[in-house]
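J.: My questions all concern the structure below.
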Amino acid sequence: MESHSLPDTVRLLIAFYSRSGSVERLAVAAAAAAEAAGATVRLRRAREVVDEATMRKSDGWLDNAQRQNALYEAPATADAEWADAILFGTPCYFGAMATELKAFFDQLGPQWKRGALAGKVGGAFATASWPHGGTEIVTFSLYAPMAHLGMVVVPTGYTDEAMLEAGSPYGASAIVGAENRPPRTEDLDAVRHQARRMCAIAGALLAADEMPNRKD
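Now the structure itself:
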C-alpha cells in the first residue's frame, strides 16, 4: 500500500450509519488509516429515525445502536463545515442509502445555500448482504448530493492494488452475507486506501489555497 504524509491541518469527517457493525468496521479502519497519515479525524454515526419499539423488532438493532451511540457522536452540520474531506458510509437498503444517513444530508440545506461545503473533498463506501445487493449503485448515488453541495467528488478508481481485490471504482465496499460477517482484510485495505487518497487530495487543495470555505 502507498503511504502519504499529510499536512497536520487536513481534516476528515467520516459520517456513517451502521446497524449491525459492518459499516462501522470500515469506518474505523478508514479513520485509523487517515490518522496514521497525519489527518485529524472526526468519526460520527448517524442516529436512528425510528423509535425503540420498532428497533426491537429486528434482532440486535437496539443493542448495536446503543453500543455505537455511546462510542460516536452524531454528525452535525458544524462537523461538515469543519472538515476538508467527508467520507460517507452506508449499508445498502433496497438499492439506496440508509434513511439515517439521508437524514444527515437533509440537514445540510443551509450549508448548500451558503456554498459552505463547496470545494471540500467527498467520497463514499457501502456494504451489502449479497454480491448484487447494490454497493456500486448506492455508492454512486451518493455522488449526487455531494455534487449539489459543490464538493469535489473523488472516486477510488483503480489507483491502488487494493481496489483490484475489493470495492469498486466508485468506492470501497464489503459483502457481509446474511450473518453479517466482518469485512475481509481486502475490504479494509480498500477503505484505508480510499481514506488516504481523499486526505492527500484535500491536502493538495489546501496547499493550492483552493478551499475558501474552510472554517477554523
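The letter at position 47 of the sequence shown is residue 47 when you use full-length UniProt numbering, and the numbering goes up by one with no holes. Quick reminder that beta carbons are idealized off the backbone N, C-alpha and C, glycines included.
Just the Cα atoms here: how many angstroms apart are residue 204 and residue 56?
T.: 46 Å
J.: Does DSSP put residue 54 in a helix, a strand or coil?
T.: helix
J.: Could you check where the beta strand (DSSP E) with residue 16 kicks off and where it finishes?
T.: 11 to 16
J.: Ignoring anything shorter than 4 residues or poking outside the region 17 to 77, list the alpha helix (DSSP H) runs there in chain order.
T.: 22 to 36, 52 to 55, 61 to 71
J.: Residue 93 to residue 163, Cα distance in whole Å?
T.: Near 23 Å, if we compare the C-alpha coordinates of residue 163 and residue 93.
J.: Whose C-beta lies closer than 6 Å to the C-beta of residue 187 among residues of the same chain, with five residues either side of it excluded?
T.: Cβ neighbours of residue 187 beyond the five flanking positions: 166, 174.
J.: Taking the alpha carbon of residue 27 as the point to measure from, which residue in 181, 60, 127 has its own alpha carbon closest?
T.: 127
J.: Quick one: what does DSSP say residue 2 is sitting in, helix, strand or coil?
T.: Note that residue 2 has pLDDT 48, beneath the 50 cutoff, so the model's placement of it is unreliable and no number is given.
J.: From residue 46 to residue 130, what distance separates their C-alpha atoms?
T.: 23 Å
J.: So who's on the other strand from residue 212, going by DSSP bridges?
T.: When beta bridges are read from the DSSP output, residue 212 appears opposite no residue.
J.: What are the boundary residues of the beta strand (DSSP E) that residue 109 is part of?
T.: Note, residue 109: premise wrong, no beta strand (DSSP E); alpha helix (DSSP H) at 109 to 114.
J.: Grab the span of the beta strand (DSSP E) containing residue 94 for me, first residue to last.
T.: Premise fails: residue 94 is in no beta strand (DSSP E) and is neither H nor E.
J.: Label residue 193 either buried or exposed according to how many other C-beta atoms from any shown protein chain fall within 10 Å of its C-beta, with 16 as the threshold for buried.
T.: Buried, since its Cβ has 16 or more Cβ neighbours within 10 Å.
J.: Residues in the same chain with beta-carbon distance under 8 Å from residue 109, minus the five sequence neighbours each way, listed in chain order, please.
T.: none
J.: Check whether the Cβ atoms of residue 115 and residue 152 lie closer than 8 Å to each other.
T.: no
J.: With residue 173 as the anchor, note down where its beta strand (DSSP E) starts and where it stops.
T.: DSSP places residue 173 inside the beta strand (DSSP E), whose first and last residues are 173 to 175.
J.: From residue 61 to residue 19, what distance separates their C-alpha atoms?
T.: Residue 61 and residue 19 have their C-alpha atoms some 6 Å from each other.
J.: If we call anything under 8 Å between Cβ atoms a contact, is residue 120 one with residue 79?
T.: no
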